Amino acid sequence: TQLLEQSPQFLSIQEGENLTVYCNSSSVFSSLQWYRQEPGEGPVLLVTVVTGGEVKKLKRLTFQFGDARKDSSLHITAAQPGDTGLYLCAGELRVSGGYQKVTFGTGTKLQVIP
Amino acid sequence: DAMVIQNPRYQVTQFGKPVTLSCSQTLNHNVMYWYQQKSSQAPKLLFHYYDKDFNNEADTPDNFQSRRPNTSFCFLDIRSPGLGDAAMYLCATSREGGFTYEQYFGPGTRLTVT
C-alpha cells in the first residue's frame, strides 16, 4: 500500500500554463518535503513544510501543507521548460524509538513544452 | 562546496558478477541512505545507516548489502546482479538532530546488467 499518492502521475503542458500537483495520504506527517529530479540526476530539495496550513513560495512555485498535515500541493505559475522533471513529495513520520521515517510519494512527471 | 558524490556515474556489469557502488559525502551527516529507482518511479529505500547502525528495509533482497567504514563513505554491494537489478542507485544523506530529515542526494549511479 502506497502511503503517499501523487496526482497527476504525468502532466504535459505548454509553456506559460499553470499547474498544480497534489500529494495525499491518510497519515499525519511531522513534515513534508518536495523534490525535483531531472533526468539522469538525483532529486534536489525544493522546500520543507512543517506547520499545518503553511504556505511557502519559491519564485513561481507555491507549496502548501494541509491543515491536518496529511496532504500537500505544489502550484507552478507560468510554467517554463526548465520546470520539466519528476516532482516527488516525501513525508516524515515519527516511528518508535524516536526515529523519523521518510516515505516518498509516487511521483509526478512534468513536461513543459516550449 | 559540501556535497554527495557517487562513483561511478555509469556502471555496466554482467549477470551474476558482483558489483560495488560507492558514495561519499562532505556534509558530515550522520545518516546515509541507499535507494533504488527505476524509470521515473519514486526512489525505493533499500537501507540506511544511522551513524553505524544499519537498518534494512523488510523487502530489500539479501542480494543487496552495504558497508559504512566511516562517516564519509558508504558502499552498496550487489552480490549477484540480475537483470531486474538494472536501475539508478541513489545515495542520500541527512542530519539527525535537525528539525527535519531533509535529504541531500548524490547524482546517482546508473547500473546496467548484461
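As they're listed, the protein sequences go chains F and Z.
Here the first sequence is numbered in the numbering used here, starting from 18 and rising by one per residue.
Here the second sequence is numbered in the numbering used here, starting from -6 and rising by one per residue.
Glycine is no exception: its CB is placed at the ideal position from the N, C-alpha and C atoms.
These figures come from a predicted structure and were not determined experimentally.
Query, Result
"Quick one: what's got a C-beta closer than 7 Å to residue 27(F)'s C-beta in the same chain, skipping five residues either side?", "126"
"Using a Cβ-Cβ distance under 8 Å, would residue 83(Z) count as near chain F?", "yes"
"Find the residues of chain F that neighbour residue 98(Z), judging by a C-beta separation of less than 9 Å, and give them in chain order.", "52, 54, 58, 59, 60, 61 and 62"
"Let me confirm a value: residue 75(F) is counted as buried when at least 16 other C-beta atoms fall within 10 Å, else exposed. Which label applies?", "exposed"
"Decide yes or no for the touch test of the region 7 to 20 of chain Z against the region 83 to 99 of chain F: beta carbon pairs closer than 8 Å, at least 3 of them.", "no"
"One question on the structure: do residue 133(F) and residue 94(F) come within less than 8 Å of each other, judged by their Cβ atoms?", "For residue 133(F) there is no data in the structure shown, the boundaries of chain F being 18 and 131."
"Could you tell me which residues DSSP pairs with residue 35(F) in its beta bridges?", "Answer is none; residue 35(F) lacks a bridge partner."
"If you drop the 5 nearest sequence neighbours on each side, which residues of the same chain put their C-beta closer than 7 Å to that of residue 25(F)?", "125"
"What is the rounded straight-line gap between the Cα of residue 56(F) and the Cα of residue 84(Z)?", "16 Å"
"Grab the span of the beta strand (DSSP E) containing residue 85(Z) for me, first residue to last.", "80 to 87"
"Provide the residue(s) that pair with residue 88(F) in DSSP beta bridges, ordered along the chain.", "41(F)"
"Assign residue 80(Z) to buried or exposed, taking buried as 16 or more other Cβ atoms, counted over all protein chains shown, within 10 Å of its Cβ.", "buried"
"For residue 42(F) versus residue 108(F), is the C-beta spacing smaller than 8 Å?", "yes"
"Hey, quick one: how far does the beta strand (DSSP E) through residue 107(F) stretch, first residue to last?", "102 to 111"
"Between the C-alpha atoms of residue 87(Z) and residue 82(F), what's the straight-line distance to the nearest angstrom?", "22 Å"
"Assign residue 39(Z) to one of three DSSP states: helix, strand, or coil.", "strand"
"For residue 13(Z), write down the residues that DSSP places opposite it in a beta bridge.", "70(Z)"
"Reducing DSSP to helix, strand and coil, say where residue 76(Z) ends up.", "helix"
"If you compare alpha carbons, which of 45(F), 77(F), 62(F) and 66(F) is closest to residue 104(F)?", "62(F)"
"Using 10 angstroms around the beta-carbon of residue 130(F), count the other beta-carbons present and answer buried if the total reaches 16, otherwise exposed.", "exposed"
"Got a sec? Which residues, its chain only, sit under 6 Å from residue 35(F) by beta carbon, not counting five neighbours each side?", "94"
"Between the region 12 to 41 of chain Z and chain F, which residues of the former have a C-beta closer than 7 Å to a C-beta of the latter?", "33, 34, 35 and 36"
"Name, in chain order, the residues that DSSP records as bridge partners for residue 5(Z).", "105(Z)"
"At least one CB of chain F closer than 8 Å to the CB of residue 50(Z): is that the case?", "no"
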